[in-house]
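First residue of the sequence shown: 1, per our numbering; consecutive thereafter. Heads up, the beta-carbon is just placed ideally off N, CA and C, and yes, glycines get one too. Here is the structure we will look at.
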Amino acid sequence: MGYKLKKPVQLSYLASRLSLQWTGFDVLIEGVAASSNVESSEITFSKNMPDKIHGAVVITPMQPNYDKADSNGFIIAENSRLAFIKALTFLGNEIGFSTWDAPAEIDPSAKIGQNVVIENGCVIGANSIIEHNVVLHVGTRIGKNSRIRSCSSIGGDGFGFERLDDGTPLRFPHLGGVLIGDAVEIGALNSIARGTLSDTIIRDHVKTDNLVHIAHNCFIDDGTLVAACAELSGGVRLGKRVWIGPNVAMMQKITVGDDALIGLGAVVTKNVPKSTVVAGNPAKKIRELM
Numbered sequence: 001m002g003y004k005l006k007k008p009v010q011l012s013y014l015a016s017r018l019s020l021q022w023t024g025f026d027v028l029i030e031g032v033a034a035s036s037n038v039e040s041s042e043i044t045f046s047k048n049m050p051d052k053i054h055g056a057v058v059i060t061p062m063q064p065n066y067d068k069a070d071s072n073g074f075i076i077a078e079n080s081r082l083a084f085i086k087a088l089t090f091l092g093n094e095i096g097f098s099t100w101d102a103p104a105e106i107d108p109s110a111k112i113g114q115n116v117v118i119e120n121g122c123v124i125g126a127n128s129i130i131e132h133n134v135v136l137h138v139g140t141r142i143g144k145n146s147r148i149r150s151c152s153s154i155g156g157d158g159f160g161f162e163r164l165d166d167g168t169p170l171r172f173p174h175l176g177g178v179l180i181g182d183a184v185e186i187g188a189l190n191s192i193a194r195g196t197l198s199d200t201i202i203r204d205h206v207k208t209d210n211l212v213h214i215a216h217n218c219f220i221d222d223g224t225l226v227a228a229c230a231e232l233s234g235g236v237r238l239g240k241r242v243w244i245g246p247n248v249a250m251m252q253k254i255t256v257g258d259d260a261l262i263g264l265g266a267v268v269t270k271n272v273p274k275s276t277v278v279a280g281n282p283a284k285k286i287r288e289l290m
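Here's what the structure looks like:
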């Protein structure tokens, strides 16, 4: 399920306001989704034509085939990502999204420090602790027995941009949230970005040190430890019980297998197999863990 608009908008109206070409069925757009799970009445973007779509809108550089044009609408744009960003920006500014409108839910046993900001759509589970000066942006959900240490920012927009023709960077609006599991500890001065069209996910028993940055749409599995000043770029996936050393930098969409160890200051540009030690710049295999 995608992210709901406060009121629906016709494809033809959206395309005309953005001065973009459209074709196919004039769909009534009610929400936004990623191309992997787009449903009827939702808009998405894709360089390739998604399979099994019905009653949706796709922003794409491809001309649709006839059978898909019968039920779906299309905005044809050479740079589909840029056109999608323009559409999201217009929809957010002119109509707005309702997905995270509900008031925050805070368990009575949770402890909240001073000067904490908790926005709509947040959930804080039983016995969790939010220390002083933390900001929880919309859509941040925290499980039981977790701790967010002082001055961390959870759920702000990530660093996603597309350049206009004149080179001006245009921000990719982020609609997802941050999902934090049980018994998680987030260190002081961490920044964890919300997902773009899905959540950034931190599973149970994950621990992060101070000054860690976790970008949009990262996934960190159970029991992984991330040491001080490490940086995870967008879409990084860490397996279970991984160790990320201090000052590690990870390229976007890298996958690290279960029980791997990333050494001090490593610059990770390739996937790391499970139970493997890597270190250096660029990171290289040191040995396998038995």
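Practice item. Leaving out five residues on either side along the sequence, give the residues of the same chain with a beta carbon under 6 Å from the beta carbon of K86. Key: In the sequence shown, the residue the question calls residue 86 occupies position 86. Only L18 meet the Cβ criterion.
Exercise for review: Starting from I201, trace the beta strand (DSSP E) both ways and give me its first and last residue.
Suggested key: By one-based count along the sequence shown, residue 201 stands at place 201. Per DSSP, I201 belongs to the beta strand (DSSP E) from 200-202.
Check your understanding: Using CA coordinates, which residue listed in T269, L14, D182 is at the minimum distance from N93?
Key -> Numbered from its first residue, the sequence shown carries residue 93 at position 93. Nearest of T269, L14, D182 to N93, Cα basis: L14.
Exercise for review: Could you pull out every residue in the same chain whose Cβ sits closer than 7 Å to the Cβ of G24, ignoring the five residues on either side in sequence?
Suggested key: For this step, residue 24 is matched to residue 24 along the sequence shown. Around G24: P64, A69, N72, G73, F74.
Check your understanding: Using CA coordinates, which residue listed in L91, S46, N48, N120 is at the minimum distance from L11?
Key -> Start at 1 with the first residue of the sequence shown, and residue 11 comes out as number 11. Nearest of L91, S46, N48, N120 to L11, Cα basis: L91.
Check your understanding: What residue range is occupied by the uninterrupted beta strand (DSSP E) comprising R17?
Key -> Residue 17 sits at position 17 when you count from the first residue of the sequence shown. Unbroken run through R17 is the alpha helix (DSSP H), 11-18; no beta strand (DSSP E).
Practice item. Out of R141, L28, L20, state which residue places its alpha-carbon closest to the alpha-carbon of R203. Key: One-based indexing of the sequence shown puts residue 203 at position 203. Comparing Cα-Cα distances from R203 to each of R141, L28, L20, the minimum goes to R141.
Check your understanding: Does the stretch 170-189 touch the stretch 125-143, meaning 3 or more C-beta pairs lie closer than 8 Å?
Key -> Contact holds: three or more Cβ-Cβ distances are below 8 Å.
Review point. Going by beta carbon distance, what residues of the same chain come within less than 8 Å of P8, once the five residues before and after it are set aside?
Key: Indexing the sequence shown from 1 puts residue 8 at position 8. The residues are L28, I29, E30, S41.
Practice item. In the DSSP assignment, find the unbroken alpha helix (DSSP H) run with E94 in it and report its ends. Key: By one-based count along the sequence shown, residue 94 stands at place 94. First-last of the alpha helix (DSSP H) with E94: 80-94.
Check your understanding: Among L82, P50, K207, N271, which has the Cα closest to the Cα of S35?
Key -> Your numbering for residue 35 matches position 35 in the sequence shown. Taking only the C-alpha atoms, the option nearest S35 is P50.
Practice item. Determine the DSSP secondary structure at S191, reduced to helix, strand or coil. Key: Here residue 191 refers to the residue found at position 191 of the sequence shown. In the structure shown, S191 sits in a strand (DSSP, three-state: E or B).
Point to revise | Three-way DSSP call (helix, strand, coil) for S153 in this model | key: Residue mapping note: residue 153 aligns to position 153 of the sequence shown, counting from 1. Strand, per DSSP.
**Study point:** Q21 - containing beta strand (DSSP E), residue span
**Key:** To locate residue 21, count along the sequence shown from 1; it is residue 21. From DSSP, the beta strand (DSSP E) with Q21 extends over 21-24.
Check your understanding: Can you tell which of L136, V272, G235, S16 has its C-alpha closest to the C-alpha of I112?
Key -> Taking the first residue of the sequence shown as position 1, residue 112 is located at position 112. Among L136, V272, G235, S16, the Cα nearest to that of I112 is on L136.
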